[in-house]
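Here the sequence shown stands for residues 421 to 633, numbered as in the numbering used here. Have a look at the structure below, then the notes.
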Amino acid sequence: MQLSDCKHWIFDMDGTLTVPVHDFNAIRKLIGIPADTPILEAIARMSDADAAEARRILHDVEMDLAASARPQPGALAVLESLAARGATLGILTRNDEDIAAATLRASGFEHLFQSRHVIGRETCAPKPSPAGIHHLLSLWGAQPEATVMVGDFRYDIEAGRRAGVRTVHFDSSGRFPWPEFTDHRIRSIGELLALDGFGAPAGGPASAHGHVV
Ligand SMILES: [Mg+2]
Numbered sequence: 421m422q423l424s425d426c427k428h429w430i431f432d433m434d435g436t437l438t439v440p441v442h443d444f445n446a447i448r449k450l451i452g453i454p455a456d457t458p459i460l461e462a463i464a465r466m467s468d469a470d471a472a473e474a475r476r477i478l479h480d481v482e483m484d485l486a487a488s489a490r491p492q493p494g495a496l497a498v499l500e501s502l503a504a505r506g507a508t509l510g511i512l513t514r515n516d517e518d519i520a521a522a523t524l525r526a527s528g529f530e531h532l533f534q535s536r537h538v539i540g541r542e543t544c545a546p547k548p549s550p551a552g553i554h555h556l557l558s559l560w561g562a563q564p565e566a567t568v569m570v571g572d573f574r575y576d577i578e579a580g581r582r583a584g585v586r587t588v589h590f591d592s593s594g595r596f597p598w599p600e601f602t603d604h605r606i607r608s609i610g611e612l613l614a615l616d617g618f619g620a621p622a623g624g625p626a627s628a629h630g631h632v633v
């Protein structure tokens, strides 16, 4: 199956559909956890009282950032093109769902995602767990082979690999670490529509083989 035949698309939000604005080490400092430690996992190891306070701080910081979210160049065109092809679209984020909704609204993507297809940390175990992908596959009645996970961080494509879906790693630096989790590589979100079956000329090889996209 070509990528263009995949009908189910799951995107990471922050830094993939939106321009990155999070300074995660500054957030870690506010919460009192060491630099470069995964934040949600560090909170999960805290006492209940400390974890509640850390979640409150994290939520406040991320809600402030959501208001200033901006779309990644090319992302709106890609999402609208996929939607026009009849694809189902979902979001899998380590963020809270109310923050995800605010971020999607500020970025101009709100109309492209049903709220029950925006999966945050309160619905499923966070990436790199594949739980959120399994949840969306089940909601959609989708097969992993017909599903794509797109993201800019290791946890996105690791979750995709563990769920058995196709993975696309977006890395504007072009370094592409984590090849073990990566099926396709893009340096801009717009490049998605130049991959594997997309953009085949009318009457060209793709349609000659009966692929209707
Ligand atoms: Mg990201």
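For each residue, glycine too, the CB sits at the ideal point set by N, CA and C.
Judged by beta-carbon spacing, V570 lies beyond the 8 Å limit of V585, meaning their Cβ atoms are not closer than that value. The beta carbon of F573 sits closer than 7 Å to at least one heavy atom of ligand 1.
With fewer than 16 other beta carbons inside 10 angstroms of its own, T457 counts as exposed. Collapsing the DSSP output to three states places T543 in coil. Note: L509 is bridge-paired with W429 in the DSSP secondary-structure output.
Runs of the alpha helix (DSSP H) lying entirely within the region 551 to 629, each at least 4 residues long, are 551 to 560, 574 to 583, 625 to 628 in chain order.
Where S501 is concerned, the enclosing alpha helix (DSSP H) starts and stops at 495 to 504.
No heavy atom of ligand 1 is found nearer than 7 Å to the CB of G552. If you draw a 10 Å sphere on the C-beta of Q534, you find fewer than 16 other C-beta atoms in it, and that means exposed. Distance from the Cα of T567 is smallest, within the candidate group L556, L532, A497, for L556.
Shortest gap from the CB of G435 to any heavy atom of ligand 1: under 7 Å. Around the beta carbon of D576, 16 or more other beta carbons sit within 10 angstroms, so the residue counts as buried. Taking the Cα positions, A486 is about 10 Å away from D480.
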